[in-house]
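K.L.:
Oh and the sequence shown: position 43 is 52 in the numbering used here, straight run, nothing missing. Positions of the beta carbon are idealized from the N, C-alpha and C atoms, including for glycine. Here it is: the structure, laid out below.
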Amino acid sequence: MAKNRSNKISLITGLDDEHYQTDSSNMANANANIFTQQLKLKEEAKLAIVLGAKMARMQVEFERQAFNKKRSSFYDLMGINANLDKPLNIDILEEMNIGQLQAIINDLYCLIETNNDELVNLLIERDSLSMEQDSILVDIEDLQKRVEERAMNQSKQSSLNEPTQYVYIVKRPQQNISKKSIFQNLLQKAMII
């Protein structure tokens with residue numbers, strides 16, 4: 010009977026050891042997943058930052074080329090060549106009457122107003138993207154701190170042989186709204202323009 014009882018105890022402890030081993034292996038897998046997610050987020054953020062700047066430059070260049078191709082209405086009215094290489098010079102302006110000069114002035118004012126409106130919109134968009142980038146970088150730093158704390162706690166627990174504790178990362182509802190990365194948003198905006 011005593012021998013039978015010791016077999017039961019060893020069976021029970023064997024199961025408990027297996028249970029603790031599976032818990033520790035699950036914890037190691039969870040830690041590995043957190044580390045890989047952290048690295049993946051860091052790389053995606055770095056890529057988005059680098060590509061975002063390149064995409065912005067490309068977009069500005071594209072808009073500049075489109076603007077250079079766009080002719081002003083007074084060029085059509087006056088029958089003047091719209092090559093920007095050869096701007097209006099004094100001789101051409103002296104040949105124009107006051108009505109034509111006033112049309113040029115009005116057209117330039119409209120062009121200035123349009124450019125100012127576009128500049129304001131682009132600055133607002135830049136600030137919005139900058140705030141979004143800062144938010145992502147703060148989230149990455151928070152995740153990195155949490156992972157480092159988790160690793161320190163894990164090493165302390167393994168040295169003390171205490172039971173493991175689990176940390177759950179819960180997304181806030183507003184983080185769940187947009188599932189696109191910054192790069193995808195920039196690419197989509199570049200394709201629309």
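According to DSSP, is Leu-97 helix, strand or coil?
P.N.:
coil
K.L.:
Would the segment 41 to 61 and the segment 141 to 149 be scored as touching if the rule is three or more Cβ pairs under 8 Å?
P.N.:
yes
K.L.:
Beta-carbon separation of Leu-152 and Gln-46 under 9 Å?
P.N.:
yes
K.L.:
So is Arg-159 buried or exposed if we call it buried at 16+ other beta carbons inside 10 Å?
P.N.:
buried
K.L.:
Residue ranges of each alpha helix (DSSP H) run of no fewer than 4 residues wholly in the segment 130 to 174, ordered along the chain?
P.N.:
none
K.L.:
Tell me whether Asn-106 sits in a helix, a strand or coil according to DSSP, three-state version.
P.N.:
coil
K.L.:
At the level of alpha carbons, what is the spacing between Glu-150 and Leu-97?
P.N.:
55 Å
K.L.:
Checking 9 Å against the spacing of the C-beta atoms, do Leu-110 and Leu-120 come in under that value?
P.N.:
no
K.L.:
Glu-122 to Ile-99, Cα distance in whole Å?
P.N.:
25 Å
K.L.:
From Asn-130 to Asn-162, what does the alpha carbon distance come to, in whole angstroms?
P.N.:
48 Å
K.L.:
CB-CB under 7 Å to Ala-54, same chain, minus the five flanking residues each way: which ones, in chain order?
P.N.:
Ile-145, Leu-146, Ile-149
K.L.:
Between Met-105 and Ile-113, is the Cβ-Cβ spacing less than 9 Å?
P.N.:
Their beta carbons are under 9 Å apart, which means Met-105 touches Ile-113 by this criterion.
K.L.:
Roughly how many angstroms lie between the CA atoms of Val-156 and Met-64, to the nearest whole one?
P.N.:
32 Å
K.L.:
Select from Glu-134, Ser-168, Lys-165, Gln-166 the residue whose C-alpha is nearest the C-alpha of Gln-2.
P.N.:
Since the first and last residues shown for the chain are 10 and 202, residue 2 lies out of range.
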